[in-house]
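Read through the structure below, which is laid out as structure tokens, and then see the notes.
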Amino acid sequence: MRTTMNLFSALDWTVVVLYLVGVIVFGLFKGGKQQSAQDYFLSEKKIHWLVVSLSIVATETSSLTFISVPGIAYQGNFNFLQLVFGYIIGRIGVAYLLLPRYYKGNLTTVYALLEERFGANTRRIASVVFIITRIFADGVRLYATAIPVVAIFRGYSLFSEVPDAVLYVSTIAAIAFATLIYVQFGGVRAVIWTDLVQLFIYILGGALAALLISEKLPSLPAALSDAYAQGKFALFNFSLQNFFSSPYQFFLALIGGAMLSMASHGTDYIIVQRLFATDQLRSAQKAVIISGMIVLVQFALFLFIGVLLHALYGGAAMRSDEVFPKFIVSGLPSGIAGLVIAAMLSAAMSTLSSSINAIASSTVFDLYAATAHGKRATPKEKLKLSKLISFVWSLLLTLSAIAYLGLGKSVVEVALSIASFTYGGLLGIFFLCIFFEHIDSRAATLAFLASIAVMTFVITQTQLAWTLYTLIGLIVTLITAQTLSRFFKPEMISK
Numbered sequence: 117m118r119t120t121m122n123l124f125s126a127l128d129w130t131v132v133v134l135y136l137v138g139v140i141v142f143g144l145f146k147g148g149k150q151q152s153a154q155d156y157f158l159s160e161k162k163i164h165w166l167v168v169s170l171s172i173v174a175t176e177t178s179s180l181t182f183i184s185v186p187g188i189a190y191q192g193n194f195n196f197l198q199l200v201f202g203y204i205i206g207r208i209g210v211a212y213l214l215l216p217r218y219y220k221g222n223l224t225t226v227y228a229l230l231e232e233r234f235g236a237n238t239r240r241i242a243s244v245v246f247i248i249t250r251i252f253a254d255g256v257r258l259y260a261t262a263i264p265v266v267a268i269f270r271g272y273s274l275f276s277e278v279p280d281a282v283l284y285v286s287t288i289a290a291i292a293f294a295t296l297i298y299v300q301f302g303g304v305r306a307v308i309w310t311d312l313v314q315l316f317i318y319i320l321g322g323a324l325a326a327l328l329i330s331e332k333l334p335s336l337p338a339a340l341s342d343a344y345a346q347g348k349f350a351l352f353n354f355s356l357q358n359f360f361s362s363p364y365q366f367f368l369a370l371i372g373g374a375m376l377s378m379a380s381h382g383t384d385y386i387i388v389q390r391l392f393a394t395d396q397l398r399s400a401q402k403a404v405i406i407s408g409m410i411v412l413v414q415f416a417l418f419l420f421i422g423v424l425l426h427a428l429y430g431g432a433a434m435r436s437d438e439v440f441p442k443f444i445v446s447g448l449p450s451g452i453a454g455l456v457i458a459a460m461l462s463a464a465m466s467t468l469s470s471s472i473n474a475i476a477s478s479t480v481f482d483l484y485a486a487t488a489h490g491k492r493a494t495p496k497e498k499l500k501l502s503k504l505i506s507f508v509w510s511l512l513l514t515l516s517a518i519a520y521l522g523l524g525k526s527v528v529e530v531a532l533s534i535a536s537f538t539y540g541g542l543l544g545i546f547f548l549c550i551f552f553e554h555i556d557s558r559a560a561t562l563a564f565l566a567s568i569a570v571m572t573f574v575i576t577q578t579q580l581a582w583t584l585y586t587l588i589g590l591i592v593t594l595i596t597a598q599t600l601s602r603f604f605k606p607e608m609i610s611k
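Numbering (my numbering), first residue to last: 117 to 611.
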């Protein structure tokens, strides 16, 4: 974005720097000293369910929420909330279908359950798929955070001749480094408690932005009345036109949201790791269900911001992920602009810190612990290695973000499509593990891989709505496993 804009004031920069320093210090303080890898990654299951619930919301709310969700309402309406209603249904499913099975054993990661049922190879495959998915999907989210920050730098003549690539790489590296400090030394306790602070900051930033946009409008009641007349607050879409290619058609959004939420909150370790930090099943169930209610309010806020921006800019044509950043860098008063940028950094860092910690945890418990060296390692050796692995994965996440420079598509579309390659298959293999006792381990593993192959074709070669992707992947996994199970005898199951 190279438009003329108000420069960030000294007060704005002070707010951003104070936020970065403050969140690092707070994370280090709350993280404390860990005694083992289990303490580093699971906090010995001592965190209150409400803190975990808020941490879940912070983790799933990346900078994409800040940047792209207002653009959805700017270009459309409130139909997106149908998807969130599905999210709540999916979380209820996680609470009562998946979590009871997870809490029957002393699992260190969610993929350990697959080893109990299907063998070590299935566990390792699921872990590797999770790691690859998170590296690419969260790389997009980190890249998205740099977009408005670079736009701010462009407002200064000092940076006018600096290549875009240099500004983006520097910004991405700085965000990643600040996040790594408290993840490296504080572990999951630091991650979860800083999530709590970051959630408060970006909700406050969003609310202040909505208030300031409202004040810039000649008449808020008139603007809202016009928006209502234009259908900007339309919530439900029951139209059957282009049914299978309309992501926000009511039934597709509701079912798709439920399936996506079951996969993301029931099989993706970046979320399940938080649920494992609670002390009992009931606490985990409350945490995941309440998080859905909070997310509903949060998305409603950012969609409302999009409606207000539509009134402010008169519906001027622009990309969905440019709408809110444009206002942030040009329409906010001194001090508030810094707070909103800090809020956006909060959203990014909460997701990034969770991703680093969860990927490292899966690497240690799902991959390293099964090796000969891992079986001999002492708790202190595992803890030291855990911190080293966290550092390595943070570097790879940074490189992943840099790889997206020059991305032409909407960043939210890219992030969602990456997860869609694997979510249906992951949910399917957990369904097979829990509900289909007759399925052979090789049938389950092959079905999981077949689902990823089919989804590659569906996503790249068809025009189906993305809200169908997880459901399709799930169905392919279940049908393929049922078919293949006819060729494998029960005694061939690999434990």
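The beta carbon of each residue, even a glycine, is placed where N, CA and C say it ideally should be.
Predicted, not measured: the structure shown is a model, and the values here were computed from it.
Worksheet item: So is Asn222 buried or exposed if we call it buried at 16+ other beta carbons inside 10 Å?
Response: Here residue 222 corresponds to residue number 106 of the sequence shown, with the count starting at 1. Residue burial annotation: Asn222 is exposed, with fewer than 16 other C-beta atoms found within 10 angstroms of its C-beta.
Fill in: Cβ-based burial, Gln577 [other Cβ within 10 Å; buried from 16]
Looking up residue 577 in the sequence shown gives position 461. Its Cβ having fewer than 16 others within 10 Å, Gln577 is exposed.
Worksheet item: Taking DSSP as the reference, what is the three-state secondary structure of Ala153?
Response: Counted from its first residue, the sequence shown places residue 153 at position 37. The answer is helix: DSSP assigns Ala153 an H, G or I state.
Discussion item. Distance check for Phe603 and Asp311, CA to CA, integer angstroms please.
Written reply: If you number the sequence shown from 1, residue 311 lands on position 195. If you number the sequence shown from 1, residue 603 lands on position 487. Cα to Cα, the separation comes out at about 48 Å.
Item to complete: Buried or exposed for Phe354, please, with buried defined as at least 16 other CB atoms from any protein chain shown within 10 angstroms of its CB.
Response: Position 238 of the sequence shown holds residue 354. With fewer than 16 other Cβ atoms within 10 Å, it is exposed.
Item to complete: Would you mind reading off the limits of the alpha helix (DSSP H) that contains Thr514?
Response: Sequence index remark: in the sequence shown, residue 514 carries index 398 (1-based). It spans Pro495 to Ala519 - the alpha helix (DSSP H) in which Thr514 sits, taken as one unbroken run.
Worksheet item: According to the neighbour-count rule (16 or more other Cβ atoms, all chains shown, within 10 Å of its Cβ), is Gly321 buried or exposed?
Response: To locate residue 321, count along the sequence shown from 1; it is residue 205. Gly321 is buried by the Cβ-count criterion.
Worksheet item: In chain order, what residues of the same chain lie with their CB nearer than 6 Å to the CB of Gln598, ignoring the 5 residues before and after it?
Response: In the sequence shown, the residue the question calls residue 598 occupies position 482. Excluding five sequence positions before and after Gln598, none of the CB atoms of its chain fall closer than 6 Å to its own CB.
Item to complete: Could you tell me the distance, in whole angstroms, from the CA atom of Phe573 to the CA atom of Thr238?
Response: The residue labelled residue 573 in the question sits at position 457 within the sequence shown. The residue labelled residue 238 in the question sits at position 122 within the sequence shown. Straight across, the Cα-Cα distance linking Phe573 with Thr238 is about 23 Å.
Worksheet item: Whose CA, out of Ala563, Thr586, Leu548 and Ile205, lies closest to the CA of Arg233?
Response: Stepping through the sequence shown from its first residue, residue 233 is reached at position 117. The option with the nearest alpha carbon to Arg233 is Leu548.
Item to complete: Would you mind sorting Glu497 into buried or exposed? The rule is 16 or more other CB atoms within 10 Å of its CB.
Response: Here residue 497 refers to the residue found at position 381 when the sequence shown is read from its first residue. Counting of Cβ neighbours within 10 angstroms places Glu497 among the exposed residues, the total staying below 16.
Discussion item. I'd like to know whether the C-beta of Met460 is nearer than 8 Å to at least one C-beta of chain B.
Written reply: The chain labelled as chain B is not found in the depicted structure, where only one protein chain is given.
Item to complete: Return the CA-CA distance between Arg217 and Leu333, expressed in angstroms with no decimal places.
Response: To locate residue 217, count along the sequence shown from 1; it is residue 101. To locate residue 333, count along the sequence shown from 1; it is residue 217. Take the alpha-carbon of Arg217 and the one of Leu333: they are about 53 Å apart.
Discussion item. Checking 8 Å against the spacing of the C-beta atoms, do Ala517 and Ile288 come in under that value?
Written reply: Looking up residue 517 in the sequence shown gives position 401. Looking up residue 288 in the sequence shown gives position 172. Contact flag set, yes.
Practice prompt. Alpha carbon to alpha carbon, how far is Leu170 from Ser407? Give it in angstroms, no decimals.
Written response: What you label residue 407 is simply residue 291 of the sequence shown in a count that begins at 1. What you label residue 170 is simply residue 54 of the sequence shown in a count that begins at 1. Between the alpha carbons of Ser407 and Leu170 lies a distance of about 6 Å.
Practice prompt. Kindly indicate which three-state DSSP category Gly612 falls into: helix, strand or coil?
Written response: This structure leaves residue 612 out entirely; the chain is present only between 117 and 611.
Practice prompt. Tell me where the alpha helix (DSSP H) around Tyr429 begins and ends.
Written response: What you label residue 429 is simply residue 313 of the sequence shown in a count that begins at 1. Segment Leu397 to Tyr429, the alpha helix (DSSP H) holding Tyr429.
Worksheet item: Would you call Tyr344 buried or exposed, if buried means 16 or more other Cβ atoms sit within 10 Å of its Cβ?
Response: One-based indexing of the sequence shown puts residue 344 at position 228. Taking a 10 Å sphere around the C-beta of Tyr344, we find fewer than 16 other C-beta atoms and assign the residue as exposed.
Worksheet item: Which term fits Lys611, buried or exposed, when burial requires 16 or more other beta carbons within 10 angstroms of its beta carbon?
Response: Along the sequence shown, read from residue 1 onward, the residue named residue 611 stands at position 495. Its pLDDT being 44, under 50, Lys611 is placed unreliably in this model, and the coordinates cannot settle the point.
Discussion item. Within the continuous alpha helix (DSSP H) that includes Thr596, where are the two ends?
Written reply: Taking the first residue of the sequence shown as position 1, residue 596 is located at position 480. Looking at the DSSP string, the run of the alpha helix (DSSP H) that includes Thr596 is Tyr585 to Leu600.
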